[in-house]
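Residue numbers (the working numbering): 6 to 431.
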Amino acid sequence: MTASTGTLDRIVDVANTLLRPKDLQLKKYTILQRLWAGYGHICHIEAAPVDNGRTHDKISSSFILKLVSPSASSSSSAAAQTSSLSEDEGHLRKLISYQVEQYFYTHLAASLPADVAVADCVGSIHHHPAVEHDGEANGQPTIALMLEDLREEFPIAGEKRTALEEQHVFAALDWLAKFHGFWWARSSVVRKGQLRLAPLEEAQRAGPQRAEGVWLNGGYTYLATRRKEYADLLEDSDSEWSSALCQPIPTVYQSLAELVAQVLSPDVSSDASSSAISDYETLIHGDVKSENLFANTEGSAVAFFDFQYVGMGLGVCDLAKLFTCSVPMHMLTTDPLSGDVALAMTDGERGLLQRYQRTISSVSGKEYPWHELEMHWSTALVDWLRFQASWGFWGNTTWLEARVRHILRDRKWVEWVVENSQAKKK
């Protein structure tokens, strides 16, 4: 993978700056991949002790450097379709997401117990001095994270698999349940930071000062940040989901997709009146997929990475993407799915959810009644399908569509969504 001389010099300079406090220096690096739209690079770093006669702690010499430094050209390309950079939601979403990830690794990750494996943060900088002038000149931040190389303990990459192995599914489900359970019991700690709003709202609020904190609404698919895609789905007369999700319900003058989004949206203030999710709010990963995990050689444990969309929400929102994109179909259903079939929850799906329920309750010390979990789960599936229908389907889509058809025919669930969405307005 080629990069400009200036970029290569920057990688060397930033790597040494982050390694120096550990009495290490860069020995060799390999660019693993470029970030979206040329916004930076992810590199494998090999480090060696600095020869200064000091005694060194035993420390791994293998690290991962995530260097975010958008060039003027990449920023201009991202904003090409808008009249102002501040109006480019995709560009803002990415920039804020890198700040969110930095906050997670530097403020929250170290609190996690050992059985919820994430990379240790070796060092972190924002606006490195060597590139400060360039950063100011093009108005872009430079963010760098030096992270532990998870591959030493978890050498099996999930990669772009259509489905995980069964043992990896269980390990991923357990990791998520422990992660959600840990932060469910500590949601007030997370809220001590300034929670980041949807990109365009955040741009209006933050001004020139960079706020710190995770997303108020974890993930990148929620309706407030996908209005354009929603409008496209509304106009798509060929999609069954246009009328099912986007047409206003006469009694409330809002669509089912909008009501679902209201139910799932965390309140800005933790002092807000109790809602359908406030008692179950936790920190979610926000981008759960096989590409974002490594497994140990036994397949009994995994470690997740890529925390750009970590934020508040219901843990089942992470599960909706996991089940659709990474769980083998036979673990969810063995029923033939075709046409406009509707599918009730099967024993396989229920078993996975009950495993999650047991673990999250055990870790958090809180009860998660099955009725509440099932309502939350159904709501998360409908919201996830709304995004897929507007963006493009992938994964276990026949299962997802069949499940949502069944959910939409459940009058008790529809009444629950309407009631709880209206309660949030009061």
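Every residue, glycine too, gets a C-beta built ideally from N, C-alpha and C.
Whole angstroms are fine: how far does the CA of residue j sit from the CA of residue i?
{"i": "Glu240", "j": "Ala115", "result": "46 Å"}
{"i": "Ala203", "j": "Ser74", "result": "22 Å"}
{"i": "Gly304", "j": "Ser395", "result": "35 Å"}
{"i": "His133", "j": "Met151", "result": "Low local confidence applies: a pLDDT of 39 at His133 is under 50, so the model's placement there is unreliable, with the coordinate-based value given in what follows. Approximately 13 Å, taken between the alpha carbons."}
{"i": "Asp352", "j": "Thr338", "result": "8 Å"}
{"i": "Leu40", "j": "Ser247", "result": "33 Å"}
{"i": "Leu3", "j": "Thr22", "result": "The first residue shown for the chain is 6 and the last is 431, placing residue 3 beyond what the model contains."}
{"i": "Pro271", "j": "Thr329", "result": "23 Å"}
{"i": "Asp284", "j": "Gln359", "result": "19 Å"}
{"i": "Gln393", "j": "Val387", "result": "10 Å"}
{"i": "His49", "j": "Arg25", "result": "17 Å"}
{"i": "Asp14", "j": "Lys429", "result": "52 Å"}
{"i": "Leu97", "j": "Asp18", "result": "26 Å"}
{"i": "Ile130", "j": "Ile148", "result": "6 Å"}
{"i": "Leu117", "j": "Ile16", "result": "29 Å"}
{"i": "Lys71", "j": "His46", "result": "6 Å"}
{"i": "Leu37", "j": "Ala300", "result": "19 Å"}
{"i": "Glu263", "j": "Ser66", "result": "49 Å"}
{"i": "Asp56", "j": "Phe187", "result": "41 Å"}
{"i": "Gln259", "j": "Val273", "result": "22 Å"}
{"i": "Ile161", "j": "Lys326", "result": "21 Å"}
{"i": "Asp125", "j": "Leu205", "result": "31 Å"}
{"i": "Arg416", "j": "Val422", "result": "10 Å"}
{"i": "Asp243", "j": "Pro253", "result": "18 Å"}
{"i": "Arg210", "j": "Tyr225", "result": "19 Å"}
{"i": "Cys251", "j": "Ala52", "result": "54 Å"}
{"i": "Asp28", "j": "Thr35", "result": "21 Å"}
{"i": "Val127", "j": "Glu157", "result": "15 Å"}
Across which residues does DSSP place residue i in a beta bridge pair?
{"i": "Pro255", "result": "None; Pro255 has no bridge partner."}
{"i": "Cys48", "result": "Ile36, Leu70"}
{"i": "Arg201", "result": "Trp220"}
{"i": "Leu31", "result": "Ala52"}
{"i": "Ala162", "result": "Phe299"}
Could you spell out the range, first to last residue, of the beta strand (DSSP E) harbouring residue i?
{"i": "Ser129", "result": "126-131"}
{"i": "His112", "result": "Note, His112: premise wrong, no beta strand (DSSP E); not H, not E."}
{"i": "Met317", "result": "316-318"}
{"i": "Glu240", "result": "Here Glu240 belongs to no beta strand (DSSP E), and DSSP marks it neither H nor E."}
{"i": "Ala182", "result": "Element bounds for Ala182: not the beta strand (DSSP E) but the alpha helix (DSSP H), 171-189."}
{"i": "Thr287", "result": "287-289"}
{"i": "Leu298", "result": "298-300"}
{"i": "Met151", "result": "148-153"}
Please classify residue i: does DSSP put it in a helix, a strand, or coil?
{"i": "Leu23", "result": "helix"}
{"i": "Val321", "result": "helix"}
{"i": "Thr384", "result": "helix"}
{"i": "Leu13", "result": "helix"}
{"i": "Phe309", "result": "strand"}
{"i": "Glu141", "result": "Confidence at Glu141 is low in this model, with a pLDDT of 40, below 50, so its placement is unreliable and the value that follows should be read with caution. In this structure, Glu141 counts as helix in the three-state DSSP scheme."}
{"i": "Val123", "result": "coil"}
{"i": "Ser331", "result": "coil"}
{"i": "Ser274", "result": "coil"}
{"i": "Ser280", "result": "coil"}
{"i": "Ser260", "result": "strand"}
{"i": "Arg355", "result": "helix"}
{"i": "Trp399", "result": "coil"}
{"i": "Arg210", "result": "helix"}
{"i": "Ser343", "result": "coil"}
{"i": "Lys294", "result": "coil"}
{"i": "Arg391", "result": "helix"}
{"i": "Thr230", "result": "helix"}
{"i": "Tyr361", "result": "helix"}
{"i": "Met350", "result": "coil"}
{"i": "Tyr103", "result": "helix"}
{"i": "Leu117", "result": "coil"}
{"i": "Tyr235", "result": "helix"}
Identify the continuous alpha helix (DSSP H) that holds residue i and give its terminal residues.
{"i": "Thr403", "result": "402-413"}
{"i": "Val422", "result": "416-430"}
{"i": "Glu372", "result": "It is not in any alpha helix (DSSP H) - Glu372 carries neither H nor E in the DSSP assignment."}
{"i": "Ser192", "result": "192-195"}
Does the region 215-227 come close enough to the region 363-383 to have 3 or more Cβ pairs within less than 8 Å? A contact between stretches requires three or more CB pairs, one per stretch, nearer than 8 Å, and the region 215-227 fails this requirement with the region 363-383.
Could you tell me whether the region 175-193 touches the region 121-131, where touching means 3 or more Cβ pairs closer than 8 Å? Three or more pairs of CB atoms, one per stretch, sit closer than 8 Å, so the region 175-193 contacts the region 121-131.
Do the region 290-302 and the region 165-181 meet, that is, are 3 or more Cβ pairs less than 8 Å apart? Between the region 290-302 and the region 165-181 there are three or more inter-stretch CB-CB distances shorter than 8 Å, so the stretches are counted as touching.
Assess contact between the region 312-320 and the region 278-288, defined as three or more Cβ pairs (one per stretch) separated by less than 8 Å. Is contact present? Because the criterion of three Cβ pairs below 8 Å is met, the region 312-320 and the region 278-288 touch.
Three Cβ pairs or more, each shorter than 8 Å: is that satisfied between the region 343-350 and the region 409-422? Because the criterion of three Cβ pairs below 8 Å is met, the region 343-350 and the region 409-422 touch.
Inter-stretch contact at 8 Å, needing at least 3 Cβ pairs: the region 187-199 / the region 226-243: Taking 8 Å as the limit for Cβ pairs, the verdict is that the region 226-243 does not touch the region 187-199.
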